[in-house]
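Report on the structure given below.
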Amino acid sequence: MKPVTVSTEVSKPREEVFEYLDLLANHEVFMDHMFVNWSFSGPATGVGAKGRARVSAPGSREFAEFEVVESERPERTVEQAVSSNGKRRTRGTYRLDQLPEGGTRISFELAWEAVPRSERVFPPLSRAFLRRALGKAMRRLAKQLDRG
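Note that the working numbering has the sequence shown beginning at 3, numbered continuously upward.
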């Protein structure tokens, strides 16, 4: 499937945005419409930080596991996620660009590395659903950052 990219802009400087995103536990606040019951292990920040959360869907028992696999201060951070009993593997990349007026443009790209057979039938539906859900996450992230 083609990757999904969403973005937002915030008034905070890039270094401050990176500090916030680098702490994996902060992702729970703006992603809790998609994932609940978070737990964390490994280092709190940077490569090796890990999180585990249950997919927030009625009756869902599915868990997703996240791990930060790349971190390039203050430009980007990359997470790998595994879910659906290992059948779904994704790579999420946050890119941070300094805006001329001092704020930061945050872009998030979700790319699929492996997809369960059941999801291969309707890629446009999966992408549309995730674009909407990730867009909401970006709006919530911006609100959280601008709130300070």
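Here a beta-carbon is modelled for each residue, glycine too, at the ideal position from N, C-alpha and C.
(request) Just mark E81 as buried or exposed, buried being the case when its beta carbon has 16 or more other beta carbons within 10 Å. (result) buried
(message) By the three-class DSSP mapping on this structure, what secondary structure does V117 have?
(response) coil
(message) Less than 7 Å between the beta carbons of V19 and T106, yes or no?
(response) yes
(message) Assuming contact is defined by CB atoms lying nearer than 7 Å, are A66 and F42 in contact in what I supplied?
(response) no
(request) Assign F68 to buried or exposed, taking buried as 16 or more other Cβ atoms, counted over all protein chains shown, within 10 Å of its Cβ. (result) buried
(request) Throw me the rounded Cβ distance for the G48 and S73 pair, which I believe falls under 8 Å. (result) 5 Å
(message) Once DSSP output is grouped into helix, strand and coil, what is the label at K168?
(response) Nothing about residue 168 can be reported from this structure: the residues present for the chain run from 3 to 150 only.
(message) Using CA atoms only, rank isn't needed, just tell me which of A46, H35 and K89 is closest to G137.
(response) H35
(request) Starting from D24, trace the alpha helix (DSSP H) both ways and give me its first and last residue. (result) R16 to D24
(request) Mark G104 as exposed unless 16 or more other C-beta atoms lie within 10 angstroms of its C-beta, in which case mark it buried. (result) exposed
(request) Give the DSSP-derived three-state secondary structure of S85 in the structure shown. (result) strand
(request) Report yes if the C-beta distance between R78 and R97 is below 7 Å; otherwise report no. (result) yes
(request) Could you tell me the distance, in whole angstroms, from the CA atom of S86 to the CA atom of Q100? (result) 36 Å
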